[in-house]
Amino acid sequence: MHNISSELEKIKTDIEDEVHYKYLEKYIQKPKIEQEKLFLIYSILLNHNISFSKKNNYIITTMLVQLALDTHDLVNNDETVDQSGVTIEQQLNVLAGDYYSSLYYLFLSKIEEQRLIHTLAVAIREINEAKIKLYYHEFKSFEELLDIVKKIESTLYTHIALFIDESTLVPFIEEWLLLITLSKLKYKKEPTIFDKMYISSNDTDFMNFIDTQMEQQMRQLREITSQLPERYISLKNHSEIFLNKLVK
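According to the UniProt record's numbering, the sequence shown is numbered sequentially starting from 1.
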């Protein structure tokens with residue numbers, strides 16, 4: 001586990017070095033690399049039969065895509081705007097998102113992975129389509145809302161799993177990332193995609209639904225985790241630790 005932690009820290013540093021841009025960081029918040037998603041993509045690729053450098057590039061590329069998607073989400077439609085109708089911060093968030101997108105294309109061009117380019121492009125399209133449904137409230141129930149959120153949070157990683165022929169991981173990825181998002185919402189740990197919809201954690205009906213849903217998700221995730229192949233032991237252990245923390 002110590003080796004995994006060291007490798008993840010090294011990869012995180014590599015990503016931060018890639019996205020470091022003093023001018024952007026002066027005006028907008030520094031992009032946050034989600035540790036759980038970094039651990040997930042690392043674990044997905046850990047036992048895949050490719051070179052260390054290519055594996056590293058796959059991980060960095062995927063996280064650059066995630067940063068680009070997250071940074072575009074930072075644009076707040078309620079901010080005070082100038083005469084042109086757009087704030088400098090909004091413009092810079094869009095610019096930063098585009099900048100991170102260009103970095104992952106640069107990485108992919110280095111490793112000449114046309115199939116991976118296609119895989120990521122399809123994932124990005126599906127995520128953006130789901131975000132449109134979310135922002136325009138194209139759902140009729142809380143259940144439909146969670147299905148949309150699940151797609152937004154997990155599609156990038158399920159596509160990578162399918163790319164390396166690990167379809168067995170797809171249910172785990174979907175349920176785990178959704179549960180992480182719901183726990184952030186419930187315990188107000190970090191901003192979530194729900195913030196873009198102005199759903200408040202003080203909304204009693206919605207939060208009662210979330211409580212019930214989280215209990216179901218936890219049972220389901222335990223069952224799915226128990227069925228993962230042993231080669232994903234680090235992922236299984238990590239999931240178990242996460243679930244145990246939620247119970248306390």
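Think of the CB as a built atom: it goes at the ideal place given N, C-alpha and C, for glycine as much as any other residue.
As assigned by DSSP and simplified to three states, the class of S154: helix
Alpha carbon of F172 to alpha carbon of L162, nearest angstrom: 13 Å
Pick from I180, E138, L103 that is closest to E215, judged by C-alpha positions: I180
N- and C-terminal bounds of the alpha helix (DSSP H) containing Y135: 114 to 135
Stretch-stretch touch, CB-based, cutoff 8 Å, three pairs: the region 108 to 116 with the region 138 to 154: no
Residue from Y232, L246, L221 with nearest C-alpha to Y42: Y232
Among I193, L221, L243, the one whose alpha carbon lies nearest that of T71: I193
Among Q220, T155, L116, the one whose alpha carbon lies nearest that of R125: T155
Beta-carbon spacing of K54, L38 below 8 Å: no
Check whether L103 and V170 have beta carbons under 8 Å apart: no
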